Amino acid sequence: MRTGFIVAVAGLALVACTDGGEAEAQVAGFTVEEMGTFAEPWAMTFLPNDMLVVTEKAGTMRFIDFAPDTPRLGTITGLPEVDYGGQGGLGDVVAHPDFASNNLLYFSFAEAGQGDMRGAAVARGALVCEEADACRLDDVEVIWRQAPKVTGRGHYSHRIAFGPEGHLWISSGDRQKLDPAQDLSNTLGTIVRLNDDGSVPDGNPFADRGGVSAEIWSYGHRNVLGLAFAPDGSLWDIEHGPAGGDEINRVERGANYGWPEVSNGNHYDGRPIPDHDTSDAYRAPAISWTPVIAPGDFIFYTGDMFADWQGDILAAGMTANGLVRVEIDGDTAREAARYDLGERIREVEQGPDGAIWVLEDADEGRLLRLTPGQ
Ligand SMILES: [Ca+2]
Ligand SMILES: [Ca+2]
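So the sequence shown is numbered by the working numbering: it starts at 126 and just counts up by one.
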């Protein structure tokens with residue numbers, strides 16, 4: 126068992142906890158260890174080299190290196206300037222499937238344009254770690270930009286996932302502009318499918334329209350904050366509804382998920398939106414929530430530590446203040462359990478040993494490691 130430890134962000138000090146029990150608590154049936162605190166953490170990912178990378182929304186990428194006896198915290202430099210504000214800033218981070226040989230990290234961020242125009246972007250760079258407490262990204266290049274840039278600082282989405290065949294998938298939110306999600310001439314309100322260098326692969330459903338339409342895999346999405354592949358290779362998303370109507374969808378080629386024409390929620394000002402069951406023209410969600418859970422992200426759990434949950438979705442809930450476990454049955458899904466962690470949860474990942482790691486959605490958000498309760 127790894128000993129519990131506390132990471133202090135100020136001065137990047139790492140304090141080993143000699144009495145591992147002090148940092149542990151029993152919450153919602155879990156043993157919970159505090160592993161650190163980060164400034165507005167947004168995303169994290171485990172690398173194959175004993176490192177965990179965490180993004181902080183204002184633009185800083187950090188790492189914890191678990192390889193040494195006393196884990197080390199450090200900063201990864203070399204990132205572009207991010208447009209921090211509203212829902213925007215530094216976003217997701219994932220490793221290339223061949224990270225062990227190419228060291229490529231992919232990350233998303235809100236990028237400023239001309240005037241007050243903004244858009245999501247995805248870049249990649251090679252991770253170089255030559256010092257104990259500092260790494261850098263070399264040869265950083267932006268490989269994708271949401272099109273077009275628009276005003277406002279909401280609904281970037283910008284989750285990243287690599288598929289089983291090595292394609293790069295990016296969720297591109299509707300930027301709170303609504304109708305563009307039904308217009309295939311832009312990439313707002315879509316999920317795009319690319320090669321790992323950002324070029325368009327063969328086989329996308331709207332390739333014959335050319336331009337950015339060729340990037341689109343599915344559309345009619347609102348704000349997709351989770352994108353993950355199930356153990357069977359199928360792609361799923363989790364997205365925020367408006368007032369009600371958070372959704373999990375099985376994402377299929379060329380499908381239209383209906384936003385803003387249909388939603389199981391309504392507009393914030395109370396104006397109704399027809400529910401999914403009023404129209405066959407759009408793909409309905411596998412499950413939806415009213416009241417909302419305000420999902421931050423989700424995973425398909427595949428570990429041995431919680432063996433009964435293998436194949437289930439674990440969704441991070443901000444309004445839900447914890448994790449929501451969802452069982453999948455074909456194209457439908459149902460909520461199996463909810464775990465109240467007492468704080469808004471932004472991000473969830475499965476650790477290499479099957480433990481569940483979460484990040485709180487807060488100015489000083491804790492990184493927590495969840496293992497079976499005692
Ligand atoms: Ca992640
Ligand atoms: Ca409705």
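Heads up, the beta-carbon is just placed ideally off N, CA and C, and yes, glycines get one too.
Since the model is a prediction, treat every value here as computed from it, not as a measurement.
With the cut-off set at 9 Å, would you say residue i and residue j are in Cβ contact?
| i | j | result |
| --- | --- | --- |
| Gly291 | Gln212 | no |
| Asn389 | Glu372 | yes |
| Gly298 | Ala248 | no |
| Glu452 | Ile470 | no |
| Ile418 | Gln475 | no |
| Leu492 | Val178 | no |
| Ser338 | Asn381 | no |
| Val317 | Ile341 | yes |
| Ala257 | Arg334 | no |
| Ser404 | Gly383 | yes |
For the alpha helix (DSSP H) containing residue i, list its first residue and its last residue.
| i | result |
| --- | --- |
| Ala355 | From DSSP, Ala355 is part of no alpha helix (DSSP H); its letter is neither H nor E. |
| Phe100 | Residue numbering for the chain in the displayed model covers 126 to 499; residue 100 lies beyond these limits and cannot be assessed. |
Using 8 Å for Cβ pairs, my map puts residue i next to residue j. What's the rounded Cβ distance?
| i | j | result |
| --- | --- | --- |
| Ala164 | Glu468 | Actually they do not touch by this definition, with Cβ atoms about 15 Å apart. |
| Gly351 | Asp422 | 4 Å |
| Ala306 | Pro385 | 6 Å |
| His401 | Val387 | 5 Å |
Beta-carbon within less than 7 Å of residue i's beta-carbon, same chain only, minus the 5 sequence neighbours each way: which residues are those?
| i | result |
| --- | --- |
| Gln435 | Tyr426 and Thr427 |
Do you know how far the Cα of residue j is from the Cα of residue i?
| i | j | result |
| --- | --- | --- |
| Phe224 | Cys254 | 14 Å |
| Gly442 | Ser233 | 21 Å |
| Leu204 | Val218 | 12 Å |
| Ala220 | Leu229 | 6 Å |
| Leu262 | Tyr407 | 41 Å |
| Gly216 | Trp269 | 14 Å |
| Asp357 | Thr457 | 15 Å |
| Asp433 | Glu206 | 43 Å |
| Ala238 | Val275 | Inspection of the sequence shows that residue 238 is occupied by Gly rather than by Ala. Roughly 9 Å between the two C-alpha positions. |
| Arg284 | Leu293 | 11 Å |
| Asp362 | Gly250 | 26 Å |
| Phe354 | Leu360 | 4 Å |
| Ser310 | Asp322 | 22 Å |
| Ala332 | Thr170 | 31 Å |
| Gly199 | Ala259 | 5 Å |
| Asn542 | Ile398 | Outside the displayed span of the chain (126 to 499) sits residue 542, for which this structure offers no information. |
| Ala192 | Gly336 | 45 Å |
| Gly498 | Met176 | 25 Å |
Who are the Cβ neighbours of residue i in its own chain at under 6 Å, not counting the five residues just before and after it?
| i | result |
| --- | --- |
| Gln301 | Gly277, Gly279 and His280 |
| Thr496 | Thr156 and Ala480 |
| Ala368 | Gly390, Asn391 and Tyr393 |
| Glu158 | Gly129, Ala148, Glu149 and Arg494 |
Where does the unbroken beta strand (DSSP E) through residue i begin, and where does it stop?
| i | result |
| --- | --- |
| Asn374 | Asp371 to Val376 |
| Phe115 | Not covered by the structure: residue 115. The range shown for the chain is 126 to 499. |
| Gln475 | Ile470 to Gln475 |
| Asp264 | Ala259 to Arg270 |
| Ala164 | Phe155 to Ala164 |
| Gln151 | Glu149 to Val152 |
| Pro305 | Looking at the DSSP string, Pro305 is not in any beta strand (DSSP E), and its letter there is neither H nor E. |
| Thr415 | First-last for Thr415: undefined, no H or E at that position. |
| Glu364 | Leu360 to His365 |
| Ser296 | Leu293 to Ser297 |
| His283 | Ser282 to Phe287 |
Report yes or no: is there a C-beta of chain C within less than 9 Å of the C-beta of residue i?
| i | result |
| --- | --- |
| Val218 | Absence of chain C from the displayed structure is noted, only one protein chain being present. |
Who are the near neighbours of residue i in its chain, counting only those whose CB is closer than 8 Å to its CB and skipping five residues on each side?
| i | result |
| --- | --- |
| Asn446 | Asp465, Leu466, Gly467, Glu468, Arg469 and Ile470 |
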